[in-house]
Structure formats: C-alpha cells, structure tokens
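Visitor: Below is the structure I would like to discuss, written out as structure tokens.
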Amino acid sequence: MIEFISQPWHWSISGAMISLVMLLLIYLGQKFGVSSSFQAMCSIGGAGSRFDYFNYDWKKHDWLLVFVLGSIIGGGIASTLLASPDPVQISAATINDLSALGITYPTTNAAGAGFLPLDVFNFEALKLLQGIILIVLGGFFIGFGTRYAGGCTSGHAITGLSNLQLPSLVAVIGFFIGGLVMTHLLFPIIFSL
Amino acid sequence: MKLFKFLLVGILFGIVMTKSEAISWFRIQEMFRFQSFHMYGIIGVAVVMGALMHFLIKKYDVKNMFGDVIQFQDKPKTYKASLFGGTIFGLGWAMTGACPGPLYVLVGHGYWIILIVILSALVGTFVYGALRSKLPH
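Chains A and B supply the protein sequences, listed in that same order. At position 190 of the first sequence the residue is numbered 1189 (our numbering), and the sequence of numbers has no breaks. At position 97 of the second sequence the residue is numbered 89 (our numbering), and the sequence of numbers has no breaks.
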C-alpha cells in the first residue's frame, strides 16, 4: 500500500484529490484559499495597528493557520515515508531549455528530488543578485500579487473557477501573463546575471 | 480540538501537493513552456470536479457539518485587482516555482531556503496592505 502511494500520482488522481481537499474544507464550514494566511500572519505580527487591511480578527483564519501547519507536516511525511523512488520526471524539452539557462536537472535522488533547482535556491545564492531576485523578489511578488488579486492558485484557479467566478478567470489570465513573461522574456536576462 | 480536523486536512494537502509534483519548480517551468500536460491535467480535473461539486451542493442544498446549508460567496468584482495582482503573482510563481500552498509544503520537505521566500511574501503582503488605498481595484 505504502509502495503504491509512494509512486508519483497520475495527474487525474492528483486533480481529484485536490478537489477532495476543497470539498472537505467546505464541509468543515470554510473555503479553500491559502494566501489569506499571509494576511493573518501580518495581522498577528501587529500590522493591524498600522494599516486597516490587517485590522481584523485574525482568529477567523485560525483554521487556515492550522491547515498550513498540517501541510508542512504533510510535506514532511511525503518526503520521508512516501518519497518517490526517482526524481520528478519532466519532459526532455524542458530539461534542454533549462540547461541552456545553466540550470542542471537532477537525474538521481541523491542529486535532488526534482522539486527545486538547488544550484539557485540555497543560502549562498542570497549573496548574488540572481539569487536575491529569484528568492526575495519572487517571494515579494507572491505575497503582494496574491493579496492584491484576492487569491492564489487555490482561491482563484481552483475554488473561483469551479464556482464560475469571472474575477477568478481574470486573475488566472493574469497568473499566466506574469508566468509567461517571466519564463520567456525575463528568465534569459535573470539567468545571464 | 475543533481545529484538529484542519490539521488532518492540511496533512492530506501536503501529501497531495507532493505526490502530484505540483510543488516542483521544474513542473511549473514545464507548464509555462507548454511542454507537458501534467499541470494542466491536475488543475483541469480539479476545476471540473470542483464545478460538479459546487453544482450538486447548490442543487441539493447540501449542509455542512454544522447542519447549515452551504452558501458560496461571490468573489469581489474588482477586475483590475484580479488582473494586475494576478500578473504580479504570476511573475513570482514562475520565479520561485511555487504558489503559497506548495511554499509551506516545501518547508516540510526541509528546504529551509523557502522560509526566506515566505518571509519575503509576508513583506509583500505588508506592502500591499500599506498601499491598498492607492492601488486601482
């Protein structure tokens, strides 16, 4: 059984399981949307005394912070007990494109699980402009952008689209505009730094 | 104790995100380069099944665990915020290869550098909160 679920899951199983997570949260009286956790954490940190956006009862998001804690534990379980036998199998075309940018892809589990490009995402990289852009500015954009848009992949792409929300469709179009511009126009510049 | 259920759903989510490989920076690159169906399959199935769930819940007035009929809120019709905020998030999604859910899951994998990404995201959230009244929504 453990061996069976330790294999990478087919995309159809994965998609179904994500909708199950959404359904469970709805049944428990909440909704699926992870980026609100950033607002709650800023509020807990005292930002509510400075700006209205954080001046709300963060306890209404206490369930989300517990969910986030669970997802960290789930990541720990999945990376140990349920670890895949091989790194993520991505397409040869992507491996080629990325190697042209100077990013090596792990071919053995010892070299990495294929979750992060470890030659770019490490603490040493924070001494370089490239690392600061990808790690610090990238994170900044995630926080600023998701809260400006009012949701991320879970709140807009999964919950919003499946509830036929037009603002969510607009947001998802935005996600792709940003992602495509970054990947195709800006990555060649950033990775030449 | 009533929060414990959310811990369990969170653990399930962390496992699902990992085994689906949606937490992989490389999978996100593959998606933005249209070189694999994998991520589109995941999101597509989740949205289609989710739409069916929403439809059935509304049609049959399904109740939640508290016995209340489930009501869905519409997202605010702030289209400019959706587009501009969404585009900024999209830049960050490609750079870090992770959206907020996977960021937390990656920390569970022991990728401590992701804590810097999350810290930066909190700064981004703070700056949004500070500038909110001046931004088009």
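Every residue, glycine too, gets a C-beta built ideally from N, C-alpha and C.
Give me, in chain order, the residues of the same chain whose beta-carbon lies closer than 6 Å to that of residue 1156 of chain A; leave out the 5 immediate sequence neighbours on both sides.
Guide: Translated into the one-based positions of the first sequence, residue 1156 of chain A becomes position 157. Only 1171 meet the Cβ criterion.
Visitor: Quick one: what does DSSP say residue 1059 of chain A is sitting in, helix, strand or coil?
Guide: Counted from its first residue, the first sequence places residue 1059 of chain A at position 60. In the structure shown, residue 1059 of chain A sits in a helix (DSSP, three-state: H, G or I).
Visitor: Span of the alpha helix (DSSP H) holding residue 1146 of chain A?
Guide: Looking up residue 1146 of chain A in the first sequence gives position 147. Its alpha helix (DSSP H) spans residues 1137 to 1148.
Visitor: Can you tell which of A/1130, A/1074 and A/1090 has the C-alpha that lies nearest to the C-alpha of residue 1005 of chain A?
Guide: Start at 1 with the first residue of the first sequence, and residue 1005 of chain A comes out as number 6. Ranking A/1130, A/1074 and A/1090 by Cα distance to residue 1005 of chain A puts A/1074 first.
Visitor: What does residue 71 of chain B reach in chain A if we use C-beta pairs closer than 7 Å?
Guide: Along the second sequence, read from residue 1 onward, the residue named residue 71 of chain B stands at position 79. Near residue 71 of chain B (Cβ distances below 7 Å), the residues of chain A are 1166 and 1169.
Visitor: Tell me whether residue 1164 of chain A is buried or exposed, calling it buried when 16 or more other Cβ atoms sit within 10 Å of its Cβ.
Guide: Along the first sequence, one-based indexing puts residue 1164 of chain A at 165. That one is buried.
Visitor: Any beta carbon from chain A within less than 9 Å of residue 53 of chain B's own beta carbon?
Guide: By 1-based counting over the second sequence, the position of residue 53 of chain B is 61. Chain A, which has no Cβ nearer than 9 Å to the Cβ of residue 53 of chain B, makes this no.
Visitor: Taking the beta carbon of residue 58 of chain B as the centre, do at least 16 other beta carbons fall within 10 Å, making it buried, or is it exposed?
Guide: As a working mapping, residue 58 of chain B is identified with position 66 in the second sequence. The residue is exposed, with fewer than 16 neighbouring Cβ atoms inside 10 Å.
Visitor: Given that residue 61 of chain B touches chain A, what residues does it touch there, using C-beta distances under 8 Å?
Guide: One-based indexing of the second sequence puts residue 61 of chain B at position 69. Ordered by position in chain A, no residue passes the 8 Å Cβ test against residue 61 of chain B, which lies about 12 Å from the chain.
Visitor: Which residues in chain B sit within 7 Å of residue 1000 of chain A, going by Cβ to Cβ distance?
Guide: Within the first sequence, residue 1000 of chain A is the residue found at index 1, counting from 1. By Cβ distance, chain B contributes nothing, its closest Cβ being about 14 Å from residue 1000 of chain A, past 7 Å.
Visitor: Mind pulling the chain B residues with CB within less than 7 Å of residue 1122 of chain A?
Guide: As a working mapping, residue 1122 of chain A is identified with position 123 in the first sequence. Chain B residues near residue 1122 of chain A: 105.
Visitor: Can you tell which of B/36, B/42, B/114 and B/55 has its C-alpha closest to the C-alpha of residue 1053 of chain A?
Guide: On the first sequence, position 54 is the one that residue 1053 of chain A refers to. Per the Cα distances, B/114.
Visitor: Using CA coordinates, which residue listed in B/9, B/-1, B/27 and B/1 is at the minimum distance from residue 1077 of chain A?
Guide: Stepping through the first sequence from its first residue, residue 1077 of chain A is reached at position 78. Out of B/9, B/-1, B/27 and B/1, B/9 has the C-alpha closest to the C-alpha of residue 1077 of chain A.
Visitor: Using only the alpha-carbon positions, how far apart do residue 1047 of chain A and residue 1055 of chain A sit?
Guide: Counting from 1 along the first sequence, the entry for residue 1047 of chain A is found at position 48. Counting from 1 along the first sequence, the entry for residue 1055 of chain A is found at position 56. Their backbone Cα atoms lie some 7 Å apart in a straight line.
Visitor: Once DSSP output is grouped into helix, strand and coil, what is the label at residue 119 of chain B?
Guide: Taking the first residue of the second sequence as position 1, residue 119 of chain B is located at position 127. DSSP places residue 119 of chain B in helix when its eight states are reduced to three.
Visitor: In the DSSP assignment, what residue or residues form a beta bridge with residue 50 of chain B?
Guide: As a position in the second sequence, residue 50 of chain B is number 58, starting the count at 1. According to DSSP, which records beta bridges pairwise, residue 50 of chain B is partnered with nothing at all.
Visitor: Quick check on residue 57 of chain B - is its C-beta less than 9 Å from some C-beta in chain A?
Guide: Position 65 of the second sequence, counted from the start, is the residue given in the question as residue 57 of chain B. With 9 Å as the cut-off, residue 57 of chain B counts as an interface residue toward chain A.
Visitor: At 8 Å on the CB atoms, spell out the chain A contacts of residue 0 of chain B, in chain order.
Guide: Taking the second sequence and counting its residues from 1, one reaches residue 0 of chain B at position 8. Here the neighbours are 1069.
Visitor: Is the beta carbon of residue 62 of chain B closer than 9 Å to that of residue 55 of chain B?
Guide: In the second sequence, counting from the first residue as 1, residue 55 of chain B sits at position 63. In the second sequence, counting from the first residue as 1, residue 62 of chain B sits at position 70. In contact: residue 55 of chain B and residue 62 of chain B (Cβ atoms closer than 9 Å).
Visitor: Is DSSP giving residue 40 of chain B helix, strand or coil here?
Guide: For the purposes of this step, residue 40 of chain B is taken as the residue at position 48 of the second sequence. Three-state DSSP puts residue 40 of chain B in a helix.
Visitor: Is residue 1126 of chain A helix, strand or coil by DSSP?
Guide: Counting from one through the first sequence, the residue named residue 1126 of chain A turns up at place 127. If DSSP states are grouped into helix, strand and coil, residue 1126 of chain A belongs with the helices.
Visitor: State yes or no: is the C-beta of residue 1035 of chain A within less than 9 Å of the C-beta of residue 1060 of chain A?
Guide: Here residue 1035 of chain A corresponds to residue number 36 of the first sequence, with the count starting at 1. Here residue 1060 of chain A corresponds to residue number 61 of the first sequence, with the count starting at 1. The answer is yes: Cβ separation under 9 Å.
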